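So the structure is just underneath, and the comments pick up after that.
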């Protein structure tokens, strides 16, 4: 089945220790998104890639970076995690273009990040 | 700018009762509208979407929603709740030509026996 895969599902890191979260997709979608979701809140878009074009949300902290080496993979790097960065991180994909039928986003299961 | 308002952070129903989750949107252009469901420690799953075709949209698991432009609403309904429907539900809006979504704050649906 075509899908969005996130690894690991649970990640524990220490305060200030860099961490990388991984997302891969078999849908061959143009657009990949990273969201941060804190407890009982809506997902908050951090950034997205339209093919290789990187789009950063204005309020995404500099501490968060992303890489998309190819169509299938996208990484979220947190350079110096703080306690406030503990959250669920969701990866999503869409075909892109914004045309009818192209906006639907497909989500991975998420990675729950704990910062000690 | 677009926004979504979901009325009620929690909705409680009995098994077999009608489910009604409210969503109102604000958009300067005709919107695309979505309902997603999230089970604990899972990603979001699309329930249904409105993309300017039929105003009554049927989705998975017996859910449906009606787009009402005059009321700027896109409420989610299900005639008979099942225990397995207990989850968090998010309404989201986007606009033609853009792929990003704006989510509402979510409504937690609680189903009691």
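Chains as they are written, first to last, in our numbering: chain A, 1 to 116; chain B, 117 to 229.
C-beta atoms are modelled at their ideal positions from N, C-alpha and C, and glycine is treated no differently.
As the structure is a computational prediction, the values presented were derived from the model and not from experiment.
In terms of DSSP beta bridges, what is residue i paired with?
i: residue 5 of chain A; result: A:24
i: residue 192 of chain B; result: B:137, B:181
i: residue 174 of chain B; result: B:180
i: residue 167 of chain B; result: BP columns for residue 167 of chain B are empty, so no partner.
i: residue 218 of chain B; result: B:209
i: residue 128 of chain B; result: B:226
Name, please, each residue of chain A whose Cβ falls closer than 8 Å to the Cβ of residue i.
i: residue 177 of chain B; result: Ordered by position in chain A, no residue passes the 8 Å Cβ test against residue 177 of chain B, which lies about 17 Å from the chain.
Does residue i come within less than 8 Å of chain A when only Cβ atoms are used?
i: residue 141 of chain B; result: no
i: residue 165 of chain B; result: yes
Run down chain B in chain order and give the residues with a C-beta less than 7 Å from the C-beta of residue i.
i: residue 42 of chain A; result: 206, 219, 220, 221, 222
i: residue 94 of chain A; result: 215
i: residue 31 of chain A; result: 215
Starting from residue i, find everything on chain A with Cβ-Cβ shorter than 9 Å and list it in chain order.
i: residue 158 of chain B; result: 107, 109, 110
Comparing the C-beta of residue i with each C-beta of chain B, is any distance below 8 Å?
i: residue 7 of chain A; result: no
State the DSSP-derived secondary structure class of residue i, mapped to helix, strand or coil.
i: residue 62 of chain A; result: coil
i: residue 51 of chain A; result: coil
i: residue 40 of chain A; result: coil
i: residue 116 of chain A; result: coil
i: residue 119 of chain A; result: Not covered by the structure: residue 119 of chain A. The range shown for chain A is 1 to 116.
i: residue 200 of chain B; result: helix
Going along chain B, which residues have a C-beta under 8 Å from residue i?
i: residue 45 of chain A; result: 216, 217
i: residue 90 of chain A; result: 159, 160
Tell me which residues share the same chain as residue i and place their Cβ nearer than 8 Å to its Cβ, disregarding the 5 neighbours each side in the sequence.
i: residue 173 of chain B; result: 164, 165, 166, 180, 181, 182, 183
i: residue 127 of chain B; result: 135, 136, 137, 223, 224, 225, 226
Note down, in chain order, every chain B residue with its Cβ under 9 Å from the Cβ of residue i.
i: residue 76 of chain A; result: None at all; the shortest Cβ gap to chain B is about 15 Å.
Here's a check: name, in chain order, each residue in its chain whose Cβ is nearer than 7 Å to the Cβ of residue i, leaving out the five neighbours to either side.
i: residue 110 of chain A; result: 6, 88, 89, 90
i: residue 190 of chain B; result: 139, 141, 149, 166, 181, 183, 207
Considering only residues of the same chain and omitting the five flanking positions on each side of residue i, which have a CB-CB separation below 6 Å?
i: residue 210 of chain B; result: 148, 217
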